[in-house]
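A short write-up of the structure that comes next.
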Amino acid sequence: MTGIQCYGAYVPRTRLPLALIAGRPAKEDGPEKSVAWNDEDSVTMAVSAGLNCLRGLDRSQVDALFFASTTYPFREKQGAALIAKALDLRRDVRTADHSGSLRAGTIALRSAADAVTAGSARSVLVIASDCRMGAPGSSLEADFGDGAAAFLISDRDVIATLDDSFSVSDEIVDVWRGEGEAFVHTWENRFVVQEGYTPRSVEAVNGLLERTGSAISDFQRVALYGPDRRSHGGVVRALKLNREQLQDPLFGKLGNAGVAFAPIQLAAALETAQPGERLLVVNYGDGAEATAFTVTEHVEKLERRRGVGWHLKRRRPLSSYDKYLKSRTLEASEWQRAKDPGLPATIHFRERDEDVSLRGQKCRACQTVQFPNQRVCETCFAKDDFDSYRLSDRIGKVVTFTFDFFFPTPDPPTIVTISEVDGARIHLQLVDCTPEDTKIGLPIEFTFRRIHEGGGRPNYYWKGTPTPSQDAE
Amino acid sequence: MAREGIRDKVAIVGVGACKFGENWDQSPSDMIVDAAYGAYADAGIENPQEQIDAVFSGSLYSNKGPHELSDALKLFNKPITEVYNYCATGTDTLRCGVMSIAAGMYDTVLVLGYDKPKDRGVSGPSVMMDGVRDLPKTPASWFSLCAATYFDKFGASREDLARIAVKNHHNGTLAPLSFLKREITIEDALNARMVSWPFGLYDCCAQTDGAAAAIITRADLAKNYSEKPVLVKGVTVIAGPNPQKDPSNDFLSWKPTGWAAKDVYEQAGITNPREQIDVAQLHDCFTLTELLSYEDLGFCEKGEARHLVKDGVFELTGELPVNTDGGLKTFGHPTGATGVRMLYENVLQLQGRAEGRQVKNPQIALSHNIGGHPTACGIAILGLP
């Protein structure tokens, strides 16, 4: 039976208290939203969610990767291929991007299930990730949050079977973003809710109930997309959902994560799911769809994941709205942005094993692991005698460090380290870490991030982050 | 290695330098002319077009190199070579000139280093961007990477670094061509804005424009130019592994300095550097660079340098004065010029012409540059006959 074998999520640690947007001081435990920091975007969040999903599994079993986002940085050039490389998946992995609609995540999920059911792939990794921007000071800015969720769809050891889904497609100009635009637009809110979101969501759910001969009360858990808290509440009332059924929509904690929003709620639902429970996922965007799952006994065997709850506990609240603006390069500056042509594409090409997959090499002659790849061994001088060696899934440690206050960043200093992993030395930035926490010998793991932008293109590379202690897992 | 060596074969018979600083009103050509004509005058050269056989010049930021120099000095119909070796460029320029004379290729050579970073419109060093993973790196963050391990192992602190800054600032007030001429206190250094921990503003050298030149000639011809020529006892430039990638690096020292010291001491016949060297110009791009270099050059044991700093060993009146003109700290670091500027200071010291900063009766002087990540070290040892 086709379904979800495994899941993972990612929510950036940085949070923007909503009070700061309104120019008020932030209160402890006040509403906030998750914010992709300046070295994060839909790609890096997708890689993190993907890693969390695949943790403990054999990556070579993944036959296909579907990536869903409305905020992938390129108009032409595939995101799934980049993410597959960062996840170090097989060479013959099938990749596809799903975009254009806020429903892209669940559409990808459905397509993956269809592929597995049809037998054209045994295992498909689906990752939804979004990092949308509302104009500074707008209500959309306060509503939106950033995050990602990943699911491995297969017919083996599934923790939830995908039972059925029902969708309606709709042509409506309610929420959109034009070519080359940074900010999402929306038509008048009552129109959007009354003619779009509410009726279509209800229609999709009723369609599914009819098709499956179920009642809404048959579902123990309902994950419902909502553009904002109030609109979401309207559909909850229309469907007569009771409080116990409703998956926490995380308004005031995460915010509306676009394509990833319903998938993140699904991941959160799976974290606490019990065998036999039925889940309903309702998503909206250019129409709506409802998908039904049944939780299996395998859910009890799945080792604990870095899911939504795990990430929500790890917070770094911003102290000022200005830092957020800086991280999104929305602040006014006297400096012209450098007219640089970016890195040569040939460098990206030559270095993709190191930079994107974080693969080093192990000398066959002296067994020294080294990074980056080179022709002659750093230690024994043997030439061209290496095996490729994946470093991204290893735990390293800080050998030495400094705090660079000079390097431009929205919130200096940049923590710069030399870290060691299996004997290889890597010049590595630390993120989600404070100078106070930085110590010689600190255990670190790797996280895929933006390192720089050049020529209007993001450059991606790995950074280090303190590896959580076993208790925190 | 087959080595006849270059010891005592080549003499420096004239030195010159422009004023170092934010030379807003000077072009590279202006500075080149100031430095070269200073050296001509010092060597009594009145007709350089006749008397100079070849030129070795060094610059990090210029992409015009030989053309810029020949055009500025109107040295046409001459062999001109541009040398590029990061911060070791100046010393390497001397090495190339010395080798050409020792090989019998030329009799008299102009060695010149210059750089003009203040034409770039940015304060401080550029952020490198050669490849995806090369970022972010600033020189301060490359060099500060030894601090955490060194502090941890030897109990050194920011105060130990501050003492070096205070010393060099003091020496700089006594050098007419220096850029920064202000005494500072340890408190000034400790309270300054942080650049890359543990380096505050005063732990970093300034970025300046500058040019320096030397006239070198066959030792047996030296008296034609100078009453008191200075002999080249040894000169080397040695490459080491990138310390950031080197799996065996302990971040307590920089390998190229140790290797270069061994090589150049052998050339110059130095067996006890602390005893035999009377004055030294060390690469103090950052205070920690000077501290570690005391040890890497064999002036003392690993971990001991901070005690000697505290005891005043490296001050003008100390046992082994270091950076008598204030070093990179007060001259700034126009990269190509720095190594040659150090030769300028060492020649003045050996000839007893260093005025208010003159050390007592020096016979042997050492200059040292380390650059890259750091990955290359150049050392030159000069001495009186």
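Protein sequences, first through last, are from chains A and B. Everything in the first sequence is counted per this note's numbering, starting at 75 for the first residue and increasing by one. Everything in the second sequence is counted per this note's numbering, starting at 666 for the first residue and increasing by one. The C-beta atom is built at its ideal place from N, Cα and C for all residues, glycine as well.
3 or more residues per run - each beta strand (DSSP E) lying fully within the segment 300-380 of chain A:
352-358 and 361-369
contact_flag[the segment 940-959 of chain B, the segment 1011-1030 of chain B] where n(CB pairs < 8 Å) is 3 or more
Flag = yes, the segment 940-959 of chain B and the segment 1011-1030 of chain B touch.
Using a beta-carbon distance below 8 Å, is residue 547(A) in contact with chain B?
What you label residue 547(A) is simply residue 473 of the first sequence in a count that begins at 1. Low per-residue confidence applies at residue 547(A): pLDDT is 49, beneath 50, and the placement is therefore not dependable, though the value from the model is reported in the following sentence. Judged by the 8 Å Cβ criterion, residue 547(A) is not in contact with chain B.
Backbone CA spacing between residue 547(A) and residue 83(A) [nearest angstrom]:
Counted from its first residue, the first sequence places residue 547(A) at position 473. Counted from its first residue, the first sequence places residue 83(A) at position 9. The pLDDT assigned to residue 547(A) is 49, lower than 50, so where the model puts this residue is not dependable; a value taken from the coordinates is nonetheless given after this. Taking C-alpha positions only, residue 547(A) is separated from residue 83(A) by approximately 13 Å.
Could you pull the start and end residues of the alpha helix (DSSP H) that residue 827(B) belongs to?
As a first step, residue 827(B) is located in the second sequence; it is residue number 162 there, counting from the start. Its alpha helix (DSSP H) spans residues 823-837.
Would you kindly report the start and end of the unbroken beta strand (DSSP E) that includes residue 517(A)?
Position 443 of the first sequence, counted from the first residue, corresponds to residue 517(A). Per DSSP, residue 517(A) belongs to the beta strand (DSSP E) from 517-528.
Could you name the residues of chain A that residue 911(B) contacts, counting a contact when the two beta carbons are closer than 7 Å?
Position 246 of the second sequence, counted from the start, is the residue given in the question as residue 911(B). Simply 452 and 499.
Quick one: grab the DSSP three-state call for residue 536(A).
Working through the first sequence from its first residue, we reach residue 536(A) at position 462. If DSSP states are grouped into helix, strand and coil, residue 536(A) belongs with the strands.
Would you list, in chain order, the members of the segment 856-867 of chain B that have their beta-carbon closer than 9 Å to a beta-carbon of chain A?
858, 859, 860, 861, 862, 863 and 864
What does the alpha-carbon distance come out to for the pair residue 518(A) and residue 487(A)?
For this step, residue 518(A) is matched to residue 444 along the first sequence. For this step, residue 487(A) is matched to residue 413 along the first sequence. For residue 518(A) and residue 487(A), the distance between alpha carbons rounds to 19 Å.
Return the first residue and the last residue of the beta strand (DSSP E) that residue 1034(B) is part of.
In the second sequence, the residue the question calls residue 1034(B) occupies position 369. 1029-1036 is the extent of the beta strand (DSSP E) around residue 1034(B).
Quick check on DSSP: helix, strand or coil for residue 779(B)?
Position 114 of the second sequence, counted from the start, is the residue given in the question as residue 779(B). Strand.
Check whether the segment 229-247 of chain A touches the segment 360-379 of chain A, counting contact only when three or more Cβ pairs, one atom from each stretch, lie closer than 8 Å.
yes
For the beta strand (DSSP E) containing residue 448(A), list its first residue and its last residue.
One-based indexing of the first sequence puts residue 448(A) at position 374. Looking at the DSSP string, residue 448(A) is not in any beta strand (DSSP E), and its letter there is neither H nor E.
By the 10 Å Cβ neighbour count, where 16 or more other Cβ atoms means buried, how is residue 454(A) classified, buried or exposed?
Here the question's residue 454(A) lines up with position 380 in the first sequence. With fewer than 16 Cβ atoms within 10 Å of its Cβ, residue 454(A) is classed as exposed.
For residue 319(A), which residues in the same chain have their Cβ closer than 7 Å to its Cβ, ignoring the five residues on either side in sequence?
Residue mapping note: residue 319(A) aligns to position 245 of the first sequence, counting from 1. Here the set comprises 293, 294, 295 and 296.
Whole angstroms are fine: how far does the CA of residue 342(A) sit from the CA of residue 135(A)?
The residue labelled residue 135(A) in the question sits at position 61 within the first sequence. The residue labelled residue 342(A) in the question sits at position 268 within the first sequence. Distance from the CA atom of residue 135(A) to the CA atom of residue 342(A), rounded to whole angstroms, is 24 Å.
Who are the Cβ neighbours of residue 876(B) in its own chain at under 6 Å, not counting the five residues just before and after it?
Residue mapping note: residue 876(B) aligns to position 211 of the second sequence, counting from 1. Around residue 876(B): 683, 696, 697, 700, 779 and 1002.
Does DSSP classify residue 761(B) as helix, strand or coil?
Counting from 1 along the second sequence, the entry for residue 761(B) is found at position 96. In the three-state DSSP reduction, residue 761(B) falls in the helix class (H, G or I).
Where residue 469(A) falls, given that 16 or more other Cβ within 10 Å makes a residue buried:
Taking the first residue of the first sequence as 1, we reach residue 469(A) at position 395. Residue 469(A) is exposed by the Cβ-count criterion.
With burial defined as no fewer than 16 other Cβ atoms inside 10 Å of the residue's Cβ, what is the status of residue 330(A): buried or exposed?
On the first sequence, position 256 is the one that residue 330(A) refers to. The residue is buried, with at least 16 neighbouring Cβ atoms inside 10 Å.
Alpha carbon to alpha carbon, how far is residue 204(A) from residue 146(A)? Give it in angstroms, no decimals.
In the first sequence, residue 146(A) corresponds to position 72, counting from 1. In the first sequence, residue 204(A) corresponds to position 130, counting from 1. If you draw a straight line from the Cα of residue 146(A) to the Cα of residue 204(A), it is about 8 Å long.
Give me, in chain order, the residues of the same chain whose beta-carbon lies closer than 6 Å to that of residue 746(B); leave out the 5 immediate sequence neighbours on both sides.
As a first step, residue 746(B) must be located in the second sequence, where it is residue number 81. Take residue 746(B), set aside five residues on each side of it, and the residues of its chain with a beta-carbon closer than 6 Å to its own are 721, in chain order.
Would you be able to state if there are at least three C-beta pairs under 8 Å between the segment 513-533 of chain A and the segment 109-125 of chain A?
yes
CA-to-CA distance, residue 457(A) to residue 439(A), given in whole angstroms
Stepping through the first sequence from its first residue, residue 439(A) is reached at position 365. Stepping through the first sequence from its first residue, residue 457(A) is reached at position 383. The alpha-carbon atoms of residue 439(A) and residue 457(A) are separated by roughly 9 Å.
Residue span of the alpha helix (DSSP H) that contains residue 198(A), given as start and end
Here the question's residue 198(A) lines up with position 124 in the first sequence. Counting along the chain, residue 198(A) falls outside any alpha helix (DSSP H), though it belongs to the beta strand (DSSP E) covering 197-204.
Integer Cβ distance of residue 854(B) from residue 837(B), believed to fall under 8 Å
Indexing the second sequence from 1 puts residue 854(B) at position 189. Indexing the second sequence from 1 puts residue 837(B) at position 172. Their Cβ separation, rounded to whole angstroms, is 14 Å, which puts residue 854(B) and residue 837(B) out of contact at 8 Å.
Tell me which residue opens and which closes the alpha helix (DSSP H) that residue 173(A) is part of.
To locate residue 173(A), count along the first sequence from 1; it is residue 99. Counting along the chain, residue 173(A) falls outside any alpha helix (DSSP H), and DSSP gives it neither H nor E.
Where do the ends of the beta strand (DSSP E) carrying residue 80(A) lie?
For the purposes of this step, residue 80(A) is identified with residue 6 of the first sequence, where counting begins at 1. 77-84 is the extent of the beta strand (DSSP E) around residue 80(A).
Could you tell me which whole beta strand (DSSP E) segments of length 3 or greater appear in the segment 183-267 of chain A?
197-204, 221-228 and 234-243
Quick one: using the 10 Å Cβ neighbour count with 16 as the cut-off for buried, is residue 148(A) buried or exposed?
Position 74 of the first sequence, counted from the start, is the residue given in the question as residue 148(A). Classification of residue 148(A): exposed, given that the 10 Å Cβ count is below 16.
For the segment 802-835 of chain B, which residues have a beta carbon sitting closer than 8 Å to at least one beta carbon of chain A?
802, 803, 805, 806, 809, 810, 811, 812, 813, 814 and 817
Give the DSSP-derived three-state secondary structure of residue 935(B) in the structure shown.
Here the question's residue 935(B) lines up with position 270 in the second sequence. Note: residue 935(B) maps to coil in three-state DSSP.
Taking Cβ positions, are residue 882(B) and residue 481(A) nearer each other than 8 Å?
Counted from its first residue, the second sequence places residue 882(B) at position 217. Counted from its first residue, the first sequence places residue 481(A) at position 407. In this structure, the beta-carbon distance from residue 882(B) to residue 481(A) does not fall below 8 Å.
Applying the 10 Å Cβ sphere with the 16-neighbour rule, what's the burial state of residue 103(A)?
Position 29 of the first sequence, counting from 1, holds the residue named residue 103(A). Residue 103(A) comes out exposed.
Of all the CB atoms in chain B, is at least one closer than 8 Å to the CB of residue 148(A)?
Position 74 of the first sequence, counted from the start, is the residue given in the question as residue 148(A). It does not; no Cβ of chain B falls within 8 Å.
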